[in-house]
Amino acid sequence: MKRYIFQRIGYMIITFFIIMTISFVTMKLLPGSPFKNQDKLTDQQLEIIMEHYRLNDPIPIQFFHYVVDFFKGDLGMSFQFKNQAVTDIILDRIQPSAILGLEALLIGVIFGLILGIFSGLKHNTFWDYGTTTLSVIGISVPSFVFAGFMQYFLAVKLGWLPVAYWEGWKYHIMPALSLSFVVISTIARYIRMEMLEVLGQDYMKTAKAKGLPNKTIIIKHGLKNTLIPVITILGPLAISILTGSLVIEKIFAIPGIGEQFVVSITTNDYPMIMGLTLLYAAFFIIIVFVIDLLYGIVDPRIKLGGENN
Amino acid sequence: MSSNKNIVYNDELFEKVNYYHVVQEDKTVESKTDNYWVKAMKTLFKNKWAMLSLLCIVFFIVMSLLGPIMNDHTYKEQDLTRAFLPPKIPILADVHWLPFDGYANGVDQYELMGVEESFWFGTDQFGRDQWTRVWYGTMISLSIAFIAAIIDFFIGVTYGGISGYFGVKVDNVMQRIIEVLVGIPNLVIIILAIIILKPGLVSIICAIVLTGWVGMARIVRGQVLKLKSQEYVLASKTLGLTHPKILTKDILPNSMAQIIITTMFTVPGAIFFEAFLSFIGLGLPAPMASLGTVINDGFESLQIYPYLVIFPSIIISLLLISFNLLGDGLRDALDPKMKH
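Heads up: the protein sequence lines correspond to chains A and B, in order. Residue numbering for the first sequence follows my numbering, beginning at 1 and increasing consecutively. Residue numbering for the second sequence follows my numbering, beginning at 1001 and increasing consecutively.
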C-alpha cells in the first residue's frame, strides 16, 4: 500500500511537471503581446519592461526561473491587472469557486442518493420512470442550458431570484443547481442500478429471513454496498463540476477562478492562464488520486497496485 | 515414439489451407455471428426510446442540411435595419401564445421596423437570419462531432489493437504513454491546444481528438487482450495468417460491439465540448456558427431576446439526449452484460 502511494505520488509529480512544461512552452509560442498599447511605448520603455519580466531570456532559462518561483509560491504578475500577482488574484477568487463547487457536489450527492434509492426500491413505478427520465435529461443537457433557462424564467421573468453576481445565499441557488444536475442524475442512475442488483442478492434475503426491520436491511445491507461504485464516479463528477464552473461562473458573473480563466483566455493574460492551468491540473490530479485511495479503503477486495496483468 | 524420428519433415508433407475456404465451409460459425447482429438489431428496434432518438437524430441531420437553404439568407449576411426581430412564422402569426407571432413587448416588431419578410427564428444583433444560423450551426456541430468520432475511432482502434495484440514490451511502452496522457486533464490540454492552434474548425477537431482517442484505445486493448487467447485466433495463427490479418479479420470484428458503443458516446461528448469551448471564448471565429457559438452569442442578450438562446438550446439538448439514449439502446442490444 505504502509503495503504491509513493509510486502514485511519483506519477503525479511527473504528470504535473509535464503539464507545466507543455503549458509554459504553449504560452511562449503564443502570438499576441502582453502589452495593451504597444504602439505608444518607446523602444526603450519596451526594453525595460521586457527586461523586468525576463522576457528577453532564452525560454529554458525563463522556464527555470518560473519553476523556482513556483516553489516559492510566486506565479508571476498578471499582465492585465496592474501590479497584481497571479497568486493573489487566485487566492482572492478561489473562495467563491470552492464554495460553489462544494455546494453543487453536496446537493448533487444528497438528491442523487434520495432519487436513486427511491427509484431502486420502487422499481417500475412512477417514481422509477420519473427518475430515469430525469437522469437521462440531466446527464445529456449541458449545464449552461439549465443555467440559461433558470436565469431567464426564475430570475428575469418571475423575479424570484437575483439574475447574477455573488452576494447572499440567494445568489448561490441557480449556479449551484445548474452545476449539480449532472451530479444528481449520474448518482441517481448509479444508485438505482446498484440498488436493483443488491436487492436481488442472497444476503438481502438472509437479512429479511432473520426478521430484521426493513429500514435496517436497506440502509445497512443495501445502501452500504451500493455506495462503493458511487465513490468511483465522484472523481469524474468532481472534474465535470470543475469544468462546468468555467461556464457557469461566466454566466452568473461569479467572481471565481473559472470566470477569471475565461477572462484571461480572451485577454491573453499569459501568466494568469498559466497559473490557472496549473491550479486546475493539480486539482484534477489530486482528485483522481484521492478517489482511487478512497476506493481501496472502502472496498478491501480491491488491491491497489496489484495490477500486473 | 521411435518411428517419429524417421520421418523427415519437408514442405511436401504440408499443404497450405486457404483460410477463407475453411471459414466459409464452417457454416455454424457464420450463422452464429449473423444471429448475434440480427438479434441485437431486433432488440434495438424494439427499444422505442432508442428508435425515437434515432428518428430525432435523422431529423436534425436532415434539417441541418436543408434548413440553411430553406430561405434565401446566408449564415453571415448582415442587415442592421432588421436586428433583433422576434420569431415570426406566417401561419402561426395569429396564435399569440406561441412565440412565433413577431411580437415583442406587446408590439409587432415587424410592423414597427417595416419588415415584410418573416424570420422563423427571428434575427440576431446583426440582423442575421437566426433560422439559417441555427441549422448551419447544427450542421457544423454535427460535422465536428462525427469527424472527431471517426478520427478517434481510427487512432484508438489502431493504437489499442497494436498495444493489446503484440503485448509485453510494445504494450508496456504504449500503456505508459497512455497512463501519462490519462493523467493530464483533458480540459487543460484542449484549452492549451486551441490557444496554440487558434480557434477554428480544424483546431477544435484536433483538440477534441487529442484526448478523445485514449478512451477508445483502452477499450480496444482490453478487448484484444481478452480475445487474442481465444481458440479461433490460435487456429488462424496455425493456419499461417499474418498478424495484421488476424487482428483485422478475427479480433476486431469480434470487438465491434464495444467499439460501436464507445463511438456512439464519443459523438455527444464532442458536441458538448465544442459548445463548451465556444462558451469560454475558444469557439469558432465570428461569421461561422456552431450550436455553441449561436447559444453563446444569444446569452449576451438573454434577458431581452431569449428566443436567440432558446431554439439552439432546445436543439442541442434534444441532440445530446437522443445520442445518449441511442447509445444506451445500442449498449443494451449489443452487450447485455455490460452495465456502464
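Beta carbons are placed, not taken as given, at the ideal position from N, Cα and C, and that holds for glycine. Keep in mind the model is a prediction, meaning the values are calculated, not measured.
According to DSSP, what are the bridge partners of residue i?
i, result
"residue 77 of chain A", "A:85"
"residue 186 of chain A", "According to DSSP, residue 186 of chain A bridges with nothing at all."
"residue 1123 of chain B", "B:1129"
"residue 1107 of chain B", "B:1104"
"residue 1088 of chain B", "B:1101"
For the putative contact between residue i and residue j, defined by C-beta atoms under 8 Å, what is the C-beta separation to the nearest angstrom?
i, j, result
"residue 280 of chain A", "residue 79 of chain A", "Not confirmed; about 19 Å, so no contact."
"residue 1316 of chain B", "residue 145 of chain A", "7 Å"
"residue 1128 of chain B", "residue 1179 of chain B", "That belief does not hold up - the Cβ atoms of residue 1128 of chain B and residue 1179 of chain B are roughly 47 Å apart, past 8 Å."
"residue 265 of chain A", "residue 1280 of chain B", "6 Å"
"residue 946 of chain B", "residue 1312 of chain B", "An answer regarding residue 946 of chain B cannot be provided, because it is not within the stretch 1001 to 1340 covered by chain B."
"residue 182 of chain A", "residue 143 of chain A", "7 Å"
"residue 186 of chain A", "residue 233 of chain A", "6 Å"
"residue 76 of chain A", "residue 86 of chain A", "5 Å"
"residue 1187 of chain B", "residue 243 of chain A", "5 Å"
"residue 974 of chain B", "residue 1303 of chain B", "As shown, chain B starts at 1001 and ends at 1340. That puts residue 974 of chain B outside it, with no answer to give."
"residue 1084 of chain B", "residue 1125 of chain B", "6 Å"
"residue 295 of chain A", "residue 231 of chain A", "5 Å"
Taking the beta carbon of residue i as the centre, do at least 16 other beta carbons fall within 10 Å, making it buried, or is it exposed?
i, result
"residue 1042 of chain B", "exposed"
"residue 1263 of chain B", "buried"
"residue 1274 of chain B", "buried"
"residue 307 of chain A", "With a pLDDT of 44 at residue 307 of chain A, under the threshold of 50, the modelled position of this residue cannot be trusted; read the value that follows with caution. Flag for residue 307 of chain A reads exposed."
"residue 1123 of chain B", "buried"
"residue 1080 of chain B", "exposed"
"residue 1001 of chain B", "Residue placement at residue 1001 of chain B is flagged as unreliable, the pLDDT there being 45, under the threshold of 50; a coordinate-derived value is accordingly withheld."
"residue 1142 of chain B", "buried"
"residue 20 of chain A", "buried"
"residue 309 of chain A", "Note that residue 309 of chain A scores a pLDDT of 35, beneath 50, so its modelled location is shaky; the value from the coordinates is reported in the next line. Exposed, since its Cβ has fewer than 16 Cβ neighbours within 10 Å."
"residue 278 of chain A", "buried"
"residue 1130 of chain B", "buried"
"residue 155 of chain A", "buried"
"residue 6 of chain A", "exposed"
"residue 1229 of chain B", "exposed"
"residue 1333 of chain B", "buried"
"residue 1050 of chain B", "buried"
"residue 1207 of chain B", "buried"
"residue 1070 of chain B", "exposed"
"residue 1283 of chain B", "buried"
"residue 1212 of chain B", "buried"
"residue 1037 of chain B", "exposed"
"residue 103 of chain A", "buried"
"residue 10 of chain A", "exposed"
"residue 98 of chain A", "exposed"
"residue 1035 of chain B", "exposed"
"residue 209 of chain A", "exposed"
"residue 151 of chain A", "buried"
"residue 213 of chain A", "exposed"
"residue 221 of chain A", "buried"
"residue 1136 of chain B", "buried"
"residue 1073 of chain B", "buried"
"residue 1090 of chain B", "exposed"
"residue 1363 of chain B", "This structure gives no information on residue 1363 of chain B, because the portion of chain B shown stretches from 1001 to 1340."
Could you tell me if the beta carbon of residue i falls within a distance shorter than 7 Å of some heavy atom in the ligand COA?
i, result
"residue 116 of chain A", "This structure lacks the ligand COA, and indeed carries no ligand of any kind."
Legend entry - Near-chain A residues of the segment 1159–1183 of chain B (beta-carbon distance less than 8 Å), N- to C-terminal order: Residues 1179, 1180 and 1183.
Inset, instruction - With 8 Å as the C-beta to C-beta threshold (strictly closer), list the residues of the segment 147–169 of chain A near chain B in chain order. - result: Flagged, chain order: 148, 149, 151, 152, 156 and 163.
Legend entry - chain B contacts made by the segment 6–25 of chain A, where a contact means CB separation under 8 Å: Listed by position, the residues of the segment 6–25 of chain A near chain B (Cβ gap below 8 Å) are 11, 12, 14, 15, 18, 19, 22 and 23.
Legend entry - Where the segment 1267–1296 of chain B meets chain A: residues whose CB sits under 8 Å from a CB there: Residues are counted here when their Cβ sits less than 8 Å from a Cβ of chain A; for the segment 1267–1296 of chain B these are 1268, 1272, 1275, 1276, 1279, 1280, 1281, 1282 and 1295, given in chain order.
Inset, instruction - Determine which residues of the segment 274–286 of chain A have a Cβ less than 7 Å from any Cβ of chain B, and write them out in chain order. - result: Flagged, chain order: 277, 280, 281, 284 and 285.
Inset, instruction - Kindly provide the ranges of any alpha helix (DSSP H) runs that are 4 or more residues long and lie completely inside the segment 1187–1234 of chain B, ordered along the chain. - result: Runs of the alpha helix (DSSP H) lying entirely within the segment 1187–1234 of chain B and spanning at least 4 residues, in chain order: 1201–1227.
Inset, instruction - Just list the alpha helix (DSSP H) runs in the segment 85–114 of chain A, keeping only unbroken ones of 4 residues or longer that don't cross its boundaries, in chain order. - result: Listed in chain order, nothing qualifies, since the segment 85–114 of chain A has no complete alpha helix (DSSP H) run of 4 or more residues.
Inset, instruction - Compile a chain-ordered list of the residues in the segment 243–264 of chain A whose CB is closer than 8 Å to at least one CB of chain B. - result: Taking 8 Å as the Cβ-Cβ cut-off, the segment 243–264 of chain A approaches chain B at 243, 246, 247, 250, 251, 261 and 262, given in chain order.
Legend entry - Residues from the segment 134–145 of chain A in contact with chain B, defined by Cβ distance under 8 Å: 136, 137, 139, 140, 141, 142, 144 and 145: these are the residues of the segment 134–145 of chain A whose beta carbon lies less than 8 Å from some beta carbon of chain B, given in chain order.
Legend entry - Members of the segment 1230–1256 of chain B that neighbour chain A once the beta carbon cut-off is set at 7 Å: Per Cβ criterion, the list is empty.
Inset, instruction - Give, in chain order, every residue of the segment 1114–1143 of chain B whose Cβ lies closer than 8 Å to some Cβ of chain A. - result: Answer set for the segment 1114–1143 of chain B: empty.
Legend entry - Against chain A: residues of the segment 1051–1062 of chain B by CB proximity under 8 Å: For the segment 1051–1062 of chain B, which is checked against every Cβ of chain A, not one residue is closer than 8 Å.
Legend entry - Short-range partners of chain A found in the segment 1217–1230 of chain B, where Cβ spacing is below 8 Å: Closer than 8 Å at the C-beta level to chain A, one finds no residue of the segment 1217–1230 of chain B.
Inset, instruction - Would you list, in sequence order, the uninterrupted alpha helix (DSSP H) runs of no fewer than 4 residues that lie entirely inside the segment 1226–1314 of chain B? - result: Fully contained in the segment 1226–1314 of chain B are the following alpha helix (DSSP H) runs of length 4 or more, in chain order: 1231–1238, 1252–1279 and 1291–1299.
Legend entry - 4-residue-minimum alpha helix (DSSP H) runs that sit fully inside the segment 162–217 of chain A, ordered along the chain: Within the segment 162–217 of chain A, the runs of alpha helix (DSSP H) at least 4 residues long that lie entirely inside it are, in chain order, 170–199 and 202–209.
Inset, instruction - Give the residues from the segment 105–131 of chain A that approach chain B closer than 7 Å (Cβ to any Cβ), ordered along the chain. - result: Within the segment 105–131 of chain A, no residue qualifies.
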